[in-house]
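Numbering (my numbering), first residue to last: -12 to 77.
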């Protein structure tokens, strides 16, 4: 999964959690300040991302810096995706 696909998955998951479209979201969009997510919403977001991306997020390995923006969350998830071997080529 490339970075663009990860960002798209995060934006889609944010929309699911907020139960609305989130137009104009970029990697610089702040999860707490701009999208008004709270700690409960972040947990819902993580569960939605896990389902969408087929990854497992370890709550013990989470750092609040990973949740500043769409981009920082994508960075965190890119690290997870890079660690998971897949059966899919390309």
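Note that beta-carbon positions come from the ideal geometry of N, C-alpha and C, so glycine has one too.
Residue 51 counts as exposed, since fewer than 16 other beta carbons sit within 10 angstroms of its beta carbon. Straight through space, the alpha carbons of residue 65 and residue -7 are spaced by roughly 7 Å. Around the C-beta of residue 60, 16 or more other C-beta atoms lie within 10 Å, and the residue is accordingly described as buried.
Annotation for residue 13: no alpha helix (DSSP H) segment contains it, and DSSP assigns it neither H nor E.
Between the alpha carbons of residue 48 and residue 38 lies a gap of roughly 18 Å. Distance from residue 14 to residue 56 at the Cβ level is roughly 6 Å; contact confirmed, criterion being Cβ atoms closer than 8 Å.
Distances from the CA of residue 23 to each of 35, 5 and 11 were compared; the closest alpha carbon is that of 5. The bridge partners DSSP lists for residue 27 come to none.
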